[in-house]
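Residue numbers (the working numbering): -14 to 302.
Quick reminder that beta carbons are idealized off the backbone N, C-alpha and C, glycines included.
The structure displayed is predicted, hence computed values, not measured ones.
For reference, the structure is listed below as structure tokens.
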Amino acid sequence: MRPRFPSIVPLPALCVLVAAGLLAAGCASTEIGPNERRPAAAGTPSGTKAAAPATTASGKGGYYLDDGPGADPPPDLDSIPDATPRAEPLHQASLRPYSALGQDYAPLTRLTPYKARGVATWYGRRYHGKPTSTGERYDMYAMTAAHTILPLPSYAKVTSLASGKSVVVRINDRGPFRKDRLIDLSYAAAHRLGLINDGSGMVEVETLLPGASALTVADPEPAPPPVRVQSDPALTPLPPTNGIFLQLGAFSEPGNAEDFARKMRTELSDLPHPVTVVSVSGLYRVQSGPFPDRNTARGEAERVASRLGSRPFVTVR
């Protein structure tokens, strides 16, 4: 299941614009508590047929809880076509920053090139027919997927690094909400990639723009494991200074705050004051200021809200 996107109170979701419930902690965005959907457990064997989960010689059990294949899977799973990228209006509510399982996420707000490698998992009958983050019904036999930050809906080519097989999926849901997982695939997509039996596998995810197809994207080349680079010194959290500021977001992880600050510097390049990250009360807050008075700060907040669809709030420190 998925996080639901509540109305603005006073900001949209994210402990990148953190919860009304956290206002007492000095943060004024809405935190979205995720619904309890969990992907198929990594390393858990499963089958492509509608059969009871078996216990293997390795001692690994079946599916996670009551998830797994449907009771009557279509006989032509291998021939289910890839999703076809096409221009669609983005689902605005799903583009707002949000928080799930203690992690903060800032979704991309436009279709841009994206490529990443990580662990793919899948989800099946337990969520079949239930609403996704766009409000559509999840179809485990369609070529769809869930991603934490890619725009909804959007399209991506997903390639298994073990088999080299690829599928094109339409991303219409949020998840998986675990640091060690990159994407949740529909049962059909996972079947095509050969991930059903193991429950998970390493993949490369690359966005496709409308009019593109899997053939227009080059197959991935072997690459070394990702290396964590040192953060931009300019984004090192600063000690708070006194004044009137606009708070654009607040995060529990400094890396997420830094990424969001870079994004705000690009999208709000004409802000009259710099965007900085400050560490206050255990949160990394993305703020702009100081402003000479509250009225000036409120006016700038209105202008930012009209551009981002998310209203920053005025804070004094």
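With distances taken between CA atoms, L93 lies nearest to L137 out of G186, L137, N157.
Residue nearest to Y112 within the set G103, Y83, D158 is D158 (criterion: CA-CA distance). Within the same chain, Cβ atoms closer than 6 Å to the Cβ of V289 are found at P297, the five residues on either side in sequence being excluded. Y172: member of the alpha helix (DSSP H) spanning 172 to 178, first to last residue. If you check the CB distance, V104 and L193 do not come in under 9 Å. Straight across, the Cα-Cα distance linking N280 with G114 is about 48 Å. Contact check for A173 against A127 passes: the beta carbons are separated by less than 9 Å.
The straight-line gap separating the alpha-carbon atoms of F162 and W107 is approximately 13 Å. Pairing D61 with R177 gives a Cβ-Cβ distance that is not under 9 Å. Contact between V262 and E243 holds: their C-beta atoms lie close to 6 Å from each other, under 8 Å. According to the DSSP assignment, A242 belongs to the alpha helix (DSSP H) that extends over 239 to 252.
Cβ contact annotation for S139 (same chain, cutoff 7 Å, sequence separation greater than five): L96, I156, T192, in chain order.
As DSSP reads the structure, Q232 sits in a beta bridge with Q272, F298.
For G103, the enclosing beta strand (DSSP E) covers residues 100 to 108.
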